[in-house]
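Okay, so the sequence shown: first residue is 52 according to our numbering, each after it adds one. C-beta: ideal position from N, C-alpha, C; glycine also. Everything below concerns the one structure shown next.
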Amino acid sequence: MQDIEEVSSTLSDRITALSESQTIAMAKKGRELAAQGHDVINLSFGEPDFQTPQYIKDAAKKAIDDGFTFYTPVAGYPELRQAIADKFKRDNNLDYKPENIVVSTGAKQSIANAVLCLVNPGDEVIIFSPYWVSYEEIVKLAEGTPVQVTGNLENDFKVTPAQLEAAITSNTKLVMYSSPCNPTGSVFTKDELYALAKVLEKYPQVHIIADEIYEYINFEGEHASMASFDFIKDRVITVNGFSKGYAMTGWRVGYIAAHKTIAAACDKMQSQITSGTCSIAQKAAFAALQGGNASAIEMRDAYHRRRNLVLELMNDIPGFKTNVPEGAFYIFPDVSYYFGMSYEGKTIQNALDLCMFLLTDALVAIVSGEAFGAPQCVRFSYATSDDKLVEALRRIKESLAKLQ
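Here is the structure:
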């Protein structure tokens, strides 16, 4: 039998250079402890705790009974692409045709398609930091060069136009950001996006991936899209999907809206990797759009209440510095106050050490900010019940009090 080290040495540089998702890794550790009988509260995973609305489930069941069990068009069923175009007009006042839409197996694939279609080896990709964990790894997979531009806590973790302009070089090909943001919950206003767009207008070689997957989880006002500015629209790839707003994480349906040349390229890329998205999931997604936003609003209001609850409880914990998230379902405090403190001979050197301490001592799973480009922070997901949040923060406060 071949030695495992020999097998590992045959793996490509591409895969060995790729990091494991820390959110998935921490969730895995939490499940392992739970399997041993421990009462672990998992606040590490970015997944709604709500069930998919019943009318969406019913549409999926009907699709099975109606015989939608065959291969689908690579870019998605025409009626779904039209419904997505209608959604952009209804919710964002953006004009797209079905030819501008590509449906994929989750928004992560939508992002990967776009990056792989735009980025050549050595191209620089500006990533607004803190950022979703997969952005940098997808850029590395495309052999691009990630360039982090960091928004500070005092500015709600938002990158400024001056910071963006200072980072652009002749090698810059792409800018990536999310709003509402995972992991910070920060939301760019229309005026803030306009100021960034005016900078990008000067650099016609630069495209923008605007990740809007948390669009419906916005507590403070209307959602703003970079593509709403006509002078830059053709260079914007807007990414969205059904996982967060419709609690459809397991269905794996995401999509882009982009200039038809970029959409056609993503269609071509996807045709050689996964082909079309699951027929039943697409029929469920179509039903989601036809059913309106009532369930999304109900979930948003629950997240808003939970955000306020967690912020109130965090106020009683010394050393946590945080902004007030305006969307998504995360809180991203700076926890550097605890670096250098110890308990029972173990010293907290960084955010990962703190996460491991809280997992083993408090039985609460959270994620180190290092994975998001902010090594002084940790990410809490509050996509769980009020009772679990209260208990988790109680345990965390009790455990942190042990550190000296």
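Considering only the alpha carbon of each residue, which of the options lies closest to residue i?
| i | options | result |
| --- | --- | --- |
| A332 | L94, T435 and Y122 | Y122 |
| C428 | G118, T235 and L167 | T235 |
| S393 | I259, S450 and A193 | S450 |
| A158 | G296, G396 and L403 | G296 |
| I189 | V170, T201 and F179 | V170 |
| T201 | A193, V210 and K253 | V210 |
| K224 | F270, T196 and P384 | T196 |
| D142 | G343, T435 and L405 | G343 |
| G305 | N206, E421, A126 and E442 | A126 |
| G420 | D404, E271 and Y433 | D404 |
| K284 | H258, W302 and Y265 | H258 |
| Q341 | E150, I107 and V91 | I107 |
| E252 | N203, F282 and F423 | F282 |
| G88 | V418, T411 and H310 | T411 |
| S161 | Y186, V386 and L360 | Y186 |
| N164 | S330, T325, L360 and V386 | T325 |
| Q214 | G301, T240, K241 and A248 | A248 |
| D242 | P212, E263, N222 and S221 | P212 |
| S330 | F431, D117 and T67 | D117 |
| K408 | K439, M77, E71 and T67 | For the sequence presented, residue 408 should be read as Phe rather than Lys. Nearest option by C-alpha distance: M77. |
| V198 | G173, D207 and F208 | G173 |
| F208 | D385, T398, N359 and V226 | D385 |
What do you get for residue i, buried or exposed, if any count of 16 or more other CB atoms within 10 angstroms of its CB means buried?
| i | result |
| --- | --- |
| M52 | Caution applies to M52, whose pLDDT of 47 falls short of 50 and renders its modelled position unreliable; the value that the coordinates give is listed next. Exposed, because fewer than 16 other Cβ atoms sit within 10 Å of the Cβ of M52. |
| T437 | Per the sequence presented here, residue 437 reads as Asp, with Thr not at that position. That one is exposed. |
| Q73 | buried |
| N291 | buried |
| Q400 | exposed |
| L441 | First, the amino acid is wrong: residue 441 is Val here, not Leu. With fewer than 16 Cβ atoms within 10 Å of its Cβ, V441 is classed as exposed. |
| S322 | exposed |
| N374 | buried |
| E363 | exposed |
| L62 | exposed |
| S294 | buried |
| N151 | buried |
| P369 | exposed |
| Q105 | exposed |
| L69 | exposed |
| A452 | exposed |
| P376 | buried |
| I288 | buried |
| P303 | Before going further, note that residue 303 is Arg rather than Pro in the sequence given. Buried, because 16 or more other Cβ atoms sit within 10 Å of the Cβ of R303. |
| R65 | exposed |
| G391 | exposed |
| I75 | exposed |
| G301 | exposed |
| A4 | Residue 4 is absent from the model: the chain starts at 52 and stops at 455. |
| E263 | buried |
Pull up the CB-CB distance for residue i and residue j, whole angstroms please, since I reckon it's below 8 Å.
| i | j | result |
| --- | --- | --- |
| A136 | K148 | 6 Å |
| A314 | V153 | 5 Å |
| A416 | L192 | Incorrect: roughly 27 Å between the Cβ atoms, too far for contact. |
| A308 | F139 | 6 Å |
| D367 | K448 | 6 Å |
| V43 | E271 | Outside the modelled stretch of the chain, which goes from 52 to 455, sits residue 43, for which no answer is possible. |
| A316 | L131 | Not really, about 20 Å apart at Cβ, beyond 8 Å. |
| M299 | A347 | Not quite, the Cβ-Cβ distance comes to about 11 Å (not below 8 Å), so this is no contact. |
| T156 | T328 | 5 Å |
| V361 | F280 | In fact, because the Cβ distance is near 34 Å, the residues do not count as touching under 8 Å. |
Determine, using beta carbons only, whether residue i and residue j come nearer to each other than 7 Å.
| i | j | result |
| --- | --- | --- |
| R351 | I219 | no |
| R357 | Y433 | yes |
| F380 | Y354 | yes |
| F119 | K372 | no |
| G97 | Y265 | no |
| A422 | V91 | no |
| A402 | R446 | no |
| Y389 | L444 | no |
| P255 | A425 | no |
| V250 | E194 | no |
| L167 | M320 | yes |
| N222 | E175 | yes |
| T435 | D100 | yes |
Are the region 258-277 and the region 222-234 touching by the rule of at least three beta carbon pairs closer than 8 Å?
yes
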